[in-house]
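For the sequence shown, our numbering begins at 60 and goes up steadily by one.
We treat Cβ as the ideally placed atom computed from N, Cα and C, and that holds for glycine.
As the structure is a computational prediction, the values presented were derived from the model and not from experiment.
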Amino acid sequence: DADEYMMVSDPSYSSIPAVLRQYEHTAGAVVAHWLIMGSGGLFNRSAGQGMLATFTKCIASPNEHVKAIVHLDFASIGPTPHSFHYSGGRTGIRPGDNRTVGPGQPVLDRPTRQPLLLYHFYGAIGEYSSRIPRLRSGISGFTYKSLSQYQTLDRRAQDDCLLGARAAERVARRPRPVG
């Protein structure tokens, strides 16, 4: 999704492939929890103002929902776009504690932050507000979007989460497209 960025949150790994390597022969998917990012009070972003560098306020605890990097030889889409059917005796695995995710299961309790974390951005207040009439049922049609839902999440996003901003400092900068 264009509003989600997977981050390596454990300094003992240099990259996402470094995390995945240890599971390529055993997992049907490697999963990471959402970390919901708030607006930080920003109404609209300026041209060139990127997500990672701009939004640094988050809800302290990761969400139970997981997103996956799937091994296409052993996973196929399940009942929702975020859950999978597995084959070859494989399951989804959450690195760190190696908890497994079974078929059709898009959530895992006791969310963890390491070694992978998915920054989920709701965007600036004005950006989200403009999406409501266009995408009321979300991109997938499975979710309902409302301003009150956004405001509730945004109020809870009070913690500093700087992993994305630090990553943005390390990548080449290009102006954000306008329009």
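When DSSP labels each residue in this structure, what does residue i get in the three-state scheme?
i, result
"Ile191", "helix"
"Ala77", "helix"
"Ile118", "coil"
"Gly151", "strand"
"Thr211", "helix"
"Glu123", "coil"
"Leu221", "coil"
"Arg104", "coil"
"Leu177", "strand"
"Arg158", "strand"
"Glu228", "helix"
"Glu83", "coil"
"Gly185", "helix"
Could you tell me whether any Cβ in chain D is nearer than 8 Å to the Cβ of residue i?
i, result
"Met96", "Absent here is chain D; the protein component of the structure consists of one chain."
Name the one or two DSSP bridge partners that residue i has.
i, result
"Met110", "None; Met110 has no bridge partner."
"His130", "His130 pairs with nothing; no bridge assigned."
"His144", "Ser135"
"His92", "Val125 and Leu176"
"Glu63", "His179"
"Val166", "His124"
Could you tell me how far apart the beta carbons of residue i and residue j are, in whole angstroms, since I believe they sit closer than 8 Å?
i, j, result
"His144", "Pro162", "5 Å"
"Gly87", "Val125", "No, Gly87 and Val125 are not in contact; Cβ-Cβ is about 13 Å, not under 8 Å."
"His92", "Pro70", "Not really, about 18 Å apart at Cβ, beyond 8 Å."
"Ala227", "Gly109", "6 Å"
If you draw a straight line from the alpha carbon of residue i to that of residue j, how long is it in whole angstroms?
i, j, result
"Met65", "Leu206", "26 Å"
"Pro76", "Tyr187", "32 Å"
"Ala127", "Tyr178", "13 Å"
"Asp62", "Leu176", "14 Å"
"Ala106", "Ala112", "13 Å"
"Ser68", "Leu222", "7 Å"
"Tyr209", "Arg190", "11 Å"
"Asp156", "Arg172", "11 Å"
"Pro140", "His84", "23 Å"
"Arg80", "Asp132", "15 Å"
"Arg149", "Asn103", "44 Å"
Going by beta carbon distance, what residues of the same chain come within less than 7 Å of residue i, once the five residues before and after it are set aside?
i, result
"Cys117", "Leu94, Ile95, Met96, Gly97, Ala216, Asp218 and Cys220"
"Tyr72", "Val78 and Pro174"
"Ser135", "Phe143 and His144"
"Arg229", "none"
"Pro138", "Gly163"
"Ser158", "For the sequence presented, residue 158 should be read as Arg rather than Ser. Answer for Arg158: Leu167, listed in chain order."
Excluding sequence positions up to five away, which residues of its chain have a Cβ less than 6 Å from the Cβ of residue i?
i, result
"Gly90", "Rather than Gly, the amino acid found at residue 90 in this sequence is Val. The residues are Val125, Ala127, Gly151, Arg153 and Val160."
"Ser146", "Phe133"
"Asp213", "Gly97 and Ser98"
Take residue i and list the residues in its own chain whose beta-carbon comes closer than 8 Å to its own, dropping the five residues that flank it on each side.
i, result
"Leu101", "Thr113, Phe114, Ala183 and Ile184"
"Glu123", "His92, Val166, Leu167, Asp168 and Pro170"
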